[in-house]
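> Have a look at the structure that comes next, please.
Residue numbers (the numbering used here): 282 to 585.
Written out as structure tokens, the structure is:
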């Protein structure tokens with residue numbers, strides 16, 4: 282209840298109040314859902330958090346909770362007057378660059394060790410006709426940006442019957458379109474450790490349905506860029522989807538090789554001089570400390 286600019290009092294019907302309560306009960310306005318999100322972030326310590334179907338406007342979204350967890354908002358998608366269905370947060374020290382946004386996906390690039398990589402956060406609509414717009418958008422992104430790229434999370438479609446658990450078979454047409462987009466762009470479906478099916482409809486008996494809707498798909502450049510990458514499902518609590526965790530480590534490693542004395546050094550005319558000058562370096566401490574310090578100096582000088 283409130284008063285508008287013309288002095289008229291705004292009233293909210295009982296049906297609208299019930300609808301808002303239902304939305305709050307299953308969205309992030311729910312205390313237990315907030316607690317679950319907090320525990321997931323604190324245990325996994327992600328640099329990015331993507332939330333789909335938050336079921337609330339910006340006034341009810343727990344901004345302060347995520348800010349206390351060092352996560353800042355960098356983009357929210359729009360749905361033509363409806364509540365947004367994708368909210369993207371990142372570590373406060375990161376600066377992702379958003380390149381495309383619509384009602385089914387948010388795409389951005391981020392610099393990792395000087396290299397640019399791309400991520401598309403997907404929340405596909407249930408209509409396979411509308412999903413065709415998504416496949417076209419993602420294909421244009423791959424053709425425009427020739428860099429390491431991955432797509433996640435909720436595609437609302439499966440590849441085949443192996444990702445489906447239901448008494449009735451899945452529709453063939455939408456699966457074929459999904460497979461065509463994936464094959465045409467030479468994409469790789471990363472295996473998910475954990476739950477085989479990432480979504481269920483929550484019903485019982487013959488009406489119970491489970492599907493693998495949530496996944497991570499990437500190009501070959503993404504696989505080549507990281508020395509380690511994995512996709513796993515976390516524990517499901519308040520949602521009908523399992524949270525998905527993508528973990529990757531960049532290839533830019535510096536390995537420390539074991540030092541070995543080479544016999545050929547003894548044939549060099551300055552070898553004895555290098556050893557003598559290194560051994561004359563003064564150190565203060567116990568005998569073992571002095572010995573270890575002189576050996577370290579000698580090792581560095583021999584490498585030069």
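Where a beta carbon is used, it is the ideal one built from N, C-alpha and C, also for glycine.
For clarity, every value in this text was computed on a predicted model and none was experimentally measured.
1) Taking only three categories from DSSP, how would you classify residue 541?
2) Alpha carbon to alpha carbon, how far is residue 525 from residue 398? Give it in angstroms, no decimals.
3) Compute the Euclidean distance between the alpha carbons of residue 387 and residue 411, then round it to the nearest angstrom.
4) If I'm right that residue 445 touches residue 439 with Cβ under 8 angstroms, what's the distance once you round it to whole angstroms?
5) Answer yes if the segment 408–423 comes into contact with the segment 505–513, meaning at least three C-beta pairs across the two stretches below 8 angstroms, and no otherwise.
6) Mapping DSSP to helix, strand and coil, what is residue 372?
7) Terminal residues of the continuous alpha helix (DSSP H) containing residue 557?
8) Helix, strand or coil: which one does DSSP assign to residue 407?
9) Does the distance from the CB of residue 394 to the CB of residue 523 come in under 7 angstroms?
10) Find the nearest neighbour of residue 317 within the set 518, 556 and 563, judged by alpha-carbon distance.
11) Under the assumption that residue 521 contacts residue 480 (Cβ atoms under 8 angstroms), give the Cβ distance between them as a whole number of angstroms.
12) Quick check: what's the CA-CA separation for residue 568 versus residue 580?
13) Give the DSSP-derived three-state secondary structure of residue 381 in the structure shown.
14) Residue 484: which of 447, 513 and 577 sits nearest, CA to CA?
15) Ordered along the chain, which non-local residues of its own chain (more than five positions away) have a Cβ less than 7 angstroms from that of residue 546?
16) Using the rule of at least 16 other Cβ atoms within 10 Å of the residue's Cβ for burial, across every protein chain shown, is residue 430 buried or exposed?
17) Give the straight-line distance between the Cα atoms of residue 575 and residue 559, rounded to the nearest whole angstrom.
18) In the structure shown, what three-state DSSP assignment does residue 491 receive?
19) Could you check which residue in 464, 455 and 561 has the C-alpha nearest to that of residue 405?
20) Residue range of the beta strand (DSSP E) that residue 352 falls in?
21) For residue 513, which of 503, 528, 450 and 362 has the nearest alpha-carbon?
22) If you draw a straight line from the C-alpha of residue 378 to the C-alpha of residue 392, how long is it?
23) Closest by CA to residue 333, which one among 345, 351, 348 and 356?
24) Tell me, please, which residues DSSP counts as bridged to residue 497.
25) Under 7 angstroms, do residue 331 and residue 369 count as touching if we go by C-beta distance?
26) When the Cα atoms are used, what is the spatial distance from residue 578 to residue 557?
27) Of the residues 515, 465, 482 and 486, which one's Cα is nearest the Cα of residue 492?
28) Count the other C-beta atoms from every protein chain shown that fall within 10 angstroms of the C-beta of residue 457, then say buried if there are 16 or more, exposed otherwise.
29) In this structure, does DSSP put residue 436 in helix, strand or coil?
30) Taking C-alpha atoms, which residue in 498, 478, 495 and 329 lies nearest to residue 489?
31) For residue 434, tell me which candidate among 495, 417 and 312 has the shortest Cα-Cα distance.
32) Could you check the C-alpha separation between residue 570 and residue 554 for me, to the nearest Å?
Straight from the coordinates:
1) coil
2) Roughly 19 angstroms separates the two Cα atoms.
3) 16 angstroms
4) Contact between residue 445 and residue 439 holds, since their C-beta atoms are separated by about 5 angstroms, short of 8 angstroms.
5) no
6) strand
7) 552–560
8) coil
9) The beta carbons of residue 394 and residue 523 sit no closer together than 7 angstroms.
10) 518
11) 6 angstroms
12) 18 angstroms
13) Strand.
14) 447
15) 552 and 583
16) buried
17) 7 angstroms
18) DSSP places residue 491 within a strand segment (E or B) once states are collapsed to three.
19) 455
20) 352–357
21) 528
22) 9 angstroms
23) 356
24) DSSP output for residue 497 lists no bridge partner at all.
25) yes
26) 11 angstroms
27) 482
28) exposed
29) In the structure shown, residue 436 sits in coil (DSSP, three-state: anything other than H, G, I, E or B).
30) 478
31) 495
32) 23 angstroms
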